[in-house]
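So the sequences go chain by chain: S and Y. According to this note's numbering, the first sequence holds residues 1 to 114 in order. According to this note's numbering, the second sequence holds residues 1 to 112 in order.
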Amino acid sequence: QQPVQSPQAVILREGEDAVINCSSSKALYSVHWYRQKHGEAPVFLMILLKGGEQKGHDKISASFNEKKQQSSLYLTASQLSYSGTYFCGTEIDVGNFGNEKLTFGTGTRLTIIP
Amino acid sequence: DAGVTQSPTHLIKTRGQHVTLRCSPISGHKSVSWYQQVLGQGPQFIFQYYEKEERGRGNFPDRFSARQFPNYSSELNVNALLLGDSALYLCASSWEANQPQHFGDGTRLSIL
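Next up, the structure:
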């Protein structure tokens, strides 16, 4: 039931773009994205709800394909500060409501080099 | 405003002992969730409390228990500690259930 993230790790040069995918075997109500730097707490990036619109701010955006139970996080013109491990957290759909339990994926380690 | 605060930051225990971890949510947040994070993995859901009631429980043994107080702070208790309980324990708060969660810095628990 744990969502599968891909890729597991990626190395980019500053300014390049990245896409991180999150896939679930169950119908989803919401997808949450977080970034965690080494030794720090996860930091909330954005939440996507079933039936909602694609979210985005600045150069980070995300989409939610309800039919495929997939979400993708898009990082445009990456900056050094984007380095860290990205986690998706998924909430299962239980009849148009969420089950209020976030299940996190194994993470995608993103390294940005100058 | 202060963020989510957790105490203690580090703790060393031996097998068989019990431990209590504490969490103070962001002011105004009524929902508190607890997670266990093992090195190299994503956080694993343990409990969620909302308005002092348990709203969700993950796949953890009964040795794990929690409660939420009238001021919305929360405690996580773990009894009969095992070596496998060594992990970072994260607390997250949100305005309501299903809202973005804000994490504290965690308590790193080491079992010897």
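Even glycine gets a Cβ: it sits at the ideal position worked out from N, Cα and C.
Since residue i is in the beta strand (DSSP E), which residue starts that stretch and which ends it?
| i | result |
| --- | --- |
| residue 21 of chain Y | 19-24 |
| residue 6 of chain S | 4-6 |
| residue 124 of chain Y | Since the first residue shown for chain Y is 1 and the last is 112, residue 124 of chain Y is missing from the structure and cannot be characterised. |
| residue 29 of chain S | 28-36 |
| residue 76 of chain Y | 74-78 |
| residue 29 of chain Y | Unbroken run through residue 29 of chain Y: none, as it is neither H nor E. |
| residue 84 of chain S | 84-92 |
| residue 43 of chain S | 43-49 |
| residue 113 of chain Y | Because chain Y is modelled from 1 through 112, residue 113 of chain Y falls outside the range shown and cannot be assessed. |
| residue 15 of chain Y | Per DSSP, residue 15 of chain Y belongs to no beta strand (DSSP E) and is neither H nor E. |
| residue 115 of chain S | Outside the displayed span of chain S (1 to 114) sits residue 115 of chain S, for which this structure offers no information. |
| residue 48 of chain Y | 44-50 |
| residue 19 of chain S | 18-23 |
Going by the CB atoms, is the gap between residue j and residue i shorter than 8 Å?
| i | j | result |
| --- | --- | --- |
| residue 8 of chain S | residue 108 of chain S | yes |
| residue 90 of chain S | residue 24 of chain S | yes |
| residue 68 of chain Y | residue 101 of chain S | no |
| residue 17 of chain S | residue 50 of chain S | no |
| residue 32 of chain Y | residue 25 of chain Y | yes |
| residue 69 of chain S | residue 26 of chain S | yes |
| residue 20 of chain Y | residue 54 of chain Y | no |
| residue 59 of chain S | residue 85 of chain S | no |
| residue 87 of chain Y | residue 4 of chain Y | no |
| residue 77 of chain Y | residue 66 of chain Y | yes |
| residue 36 of chain Y | residue 106 of chain S | no |
| residue 110 of chain S | residue 4 of chain S | no |
Where residue i and residue j are concerned, what is the direct C-alpha to C-alpha distance, given to the nearest angstrom?
| i | j | result |
| --- | --- | --- |
| residue 106 of chain Y | residue 35 of chain S | 15 Å |
| residue 84 of chain Y | residue 22 of chain Y | 20 Å |
| residue 64 of chain Y | residue 6 of chain Y | 17 Å |
| residue 22 of chain S | residue 45 of chain S | 15 Å |
| residue 29 of chain S | residue 63 of chain S | 13 Å |
| residue 20 of chain S | residue 74 of chain S | 7 Å |
| residue 14 of chain Y | residue 108 of chain Y | 14 Å |
| residue 52 of chain Y | residue 72 of chain Y | 7 Å |
| residue 114 of chain S | residue 78 of chain S | 10 Å |
| residue 89 of chain Y | residue 45 of chain Y | 10 Å |
| residue 41 of chain S | residue 103 of chain Y | 6 Å |
| residue 82 of chain Y | residue 15 of chain S | 46 Å |
| residue 39 of chain Y | residue 28 of chain Y | 31 Å |
| residue 88 of chain S | residue 48 of chain S | 11 Å |
| residue 17 of chain Y | residue 79 of chain Y | 6 Å |
| residue 112 of chain S | residue 12 of chain S | 5 Å |
| residue 97 of chain S | residue 98 of chain Y | 10 Å |
| residue 32 of chain S | residue 101 of chain Y | 9 Å |
| residue 112 of chain Y | residue 38 of chain S | 24 Å |
| residue 10 of chain Y | residue 43 of chain S | 20 Å |
Give the residues from the region 86-111 of chain Y that approach chain S closer than 7 Å (Cβ to any Cβ), ordered along the chain. 90, 97, 98, 100, 101, 102, 103, 104, 105, 106
Check distances from the C-beta atoms of the region 58-92 of chain S to those of chain Y and list, in chain order, the residues that come in under 9 Å. 85, 87, 88, 89, 91
Any C-beta of chain S within less than 9 Å: which residues of the region 49-61 of chain Y qualify? 50, 55, 56, 57, 58
Residues of the region 92-111 of chain S whose Cβ lies closer than 8 Å to any Cβ of chain Y, in chain order: Those residues of the region 92-111 of chain S placed with their C-beta closer than 8 Å to a C-beta in chain Y are 98, 99, 100, 101, 102, 103, 104, 105, 106, 107, ordered along the chain.
Interfacial residues, the region 35-47 of chain Y to chain S, with Cβ spacing under 9 Å: Cβ contacts with chain S come from 35, 37, 40, 41, 42, 43, 44, 45.
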